[in-house]
Amino acid sequence: MQNLMKILILFALVACSDVEKKPTTETPAEKAGQSQSINDDKVNVQNPMDKNMNSANEAIVSSSSSEELKQACLEQLGNLPAPFTNEHTFKYCNEMLHDVSCNSTLGKPIFHFDKGSAKERHIKVLVFGTIHGDEGAAGSLARDWVHRLKDLEPRSEWRILPILNPDGLEKRTRTNANGVDLNRNFPTNDWFDSAQKFWRKKGARARRFPGNAGGSEKETQCIIKHIEDFKPDFIISIHTPYGVLDFDGPNVVKPASILPWRRLGHMPGSLGRYMWKDNEVPVLTIELKGGEPLVQKQMEDLQDIIGTVAIRSLKSLGRW
């Protein structure tokens, strides 16, 4: 009888023990189910942005974000010399596009403008302004080009990035926020062997530092993305202050110009070397004199010169 009582007591203890454990026990399936529902929520939130990442011309998802972009555009324009009127400024910012992957080192959006051509056969021209932040007049010319083109039916197809270095423009520095000269940071074929050696040979000036690797900077990566997306036939890079036109391209007869033609040369990491020497896309560098903006007639003449040089170059290369 005593042995039977011991067995019954032991059985009761084991049963109670099992009952106490059940409320705190979760199966692997239950845990996975809870985790999956949270992850599903995250995926649903992220999906719209994932889709936008595949489009070069998507501004942003929400209207509030669009307002933030417009405000950023207005602030960047305010950093340029020869400012627009308020009416022109708002119209300009309404025309601008933003690739969601194109932002500066400090996160400022890098805007662009697209203008197509109705002609079946046309040249694709890509324009860069203010690659150096202390050359604000370059951005002003690119901005004025946008303003002029938006009401025209041009013979060529255009993409314009007026302010490539918004961080430098705000601080009035040649370099970006990392202290890198973006026009020495393109991943030219000779960058690894020559870029920093060339920089040291020329005195290792901080304002011309090429970076620690070709294409290391967000702004440079943005430029390259636009080049790959737009596939230009001809590139224009606007600078100051030498007051000349410099051409990296085939040897063609150049028309008379308001600015004299002068060969400045290209160096490791420069846009001219990257696009012309390495990729055979001609590059025209416009060096405005002393940062002075062009008047309307000068801008029209310059645009005609660009078209002439572009067509002659493409004919010389057998592409027209």
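Residues 571 to 890 (the numbering used here) make up the sequence shown, in order.
Yeah, the Cβ is synthetic: ideal placement off N, Cα and C, and Gly gets one too.
From residue i to residue j, what distance separates their C-alpha atoms?
i       : j       : result
Asp-816 : Gly-842 : 10 angstroms
Pro-679 : Leu-722 : 26 angstroms
Arg-777 : Met-837 : 15 angstroms
His-809 : Arg-882 : 23 angstroms
Asp-818 : Lys-847 : 8 angstroms
Asn-735 : Ala-708 : 11 angstroms
Ser-886 : Val-879 : 10 angstroms
Gly-785 : Asp-684 : 24 angstroms
Lys-801 : Tyr-844 : 14 angstroms
Lys-859 : Leu-639 : 32 angstroms
Lys-867 : Trp-715 : 12 angstroms
Lys-720 : Val-822 : 30 angstroms
Pro-830 : Ala-783 : 34 angstroms
Tyr-662 : Pro-651 : 15 angstroms
Val-851 : Ile-797 : 10 angstroms
Gln-641 : Gly-888 : 45 angstroms
Ala-826 : Pro-811 : 20 angstroms
Lys-839 : Arg-775 : As written in the sequence, residue 839 is Gly, which differs from the Lys given in the question. If I take the Cα positions, the gap works out to 15 angstroms.
Pro-780 : Asp-763 : 12 angstroms
Phe-768 : Lys-795 : 26 angstroms
Lys-824 : Asn-849 : 22 angstroms
Ser-710 : Asp-737 : 16 angstroms
Cys-643 : Phe-681 : 8 angstroms
Ser-687 : Arg-718 : 14 angstroms
Arg-833 : Glu-787 : 27 angstroms
Lys-772 : Thr-655 : 42 angstroms
Apply the 10 Å Cβ neighbour rule to residue i and answer buried if 16 or more other Cβ atoms are within range, or exposed otherwise.
i       : result
Arg-744 : buried
Glu-789 : buried
Glu-870 : exposed
Arg-770 : exposed
Pro-732 : buried
Asn-755 : buried
Ala-765 : buried
Gln-646 : buried
Val-706 : Position check: residue 706 holds Gly in this sequence, whereas Val was assumed. Looking at its Cβ environment, which holds 16 or more other Cβ atoms inside 10 Å, Gly-706 is buried.
Asn-664 : exposed
Ser-671 : exposed
Gly-648 : exposed
Ala-747 : buried
Asn-753 : buried
Thr-758 : buried
Ser-636 : exposed
Glu-657 : exposed
Going by Cα to Cα distance, which pick from the options is closest to residue i?
i       : options                               : result
Asp-799 : Glu-857, His-836 and Arg-729          : Arg-729
Gln-873 : Lys-801, Leu-696 and Asn-664          : Leu-696
Gly-703 : Ser-883, Val-750 and Ser-671          : Val-750
Val-814 : Ile-856, Gln-866 and Ile-693          : Ile-856
Phe-804 : Pro-825, Val-822 and Val-853          : Val-853
Leu-884 : Arg-691, Glu-862, Arg-775 and Phe-681 : Arg-691
Trp-890 : Gly-839, Asn-753, Tyr-844 and Lys-694 : Lys-694
Ile-876 : Glu-637, Pro-724, Ser-674 and Ile-797 : Pro-724
Glu-740 : Ile-828, Thr-659, Gly-677 and Tyr-662 : Gly-677
Leu-864 : Gly-686, Ser-636 and Ala-712          : Ala-712
Gly-699 : Pro-830, Ser-807, Leu-834 and Tyr-812 : Ser-807
Lys-689 : Gln-641, Phe-681 and Glu-727          : Glu-727
Thr-675 : Arg-742, Leu-667, Pro-653 and Cys-792 : Cys-792
Ile-701 : Arg-742, Ile-828 and His-668          : Arg-742
State the beta-bridge partners of residue i as determined by DSSP.
i       : result
Trp-728 : Lys-685 and Val-695
Leu-667 : His-682
Asn-673 : Pro-679
Entirely within the stretch 797-884 and at least 3 residues each: give me those beta strand (DSSP E) ranges in chain order.
804-809, 812-818 and 853-859
Would you mind listing the beta strand (DSSP E) stretches within the stretch 714-785 that are 3+ residues and don't spill past its ends, in chain order?
727-731
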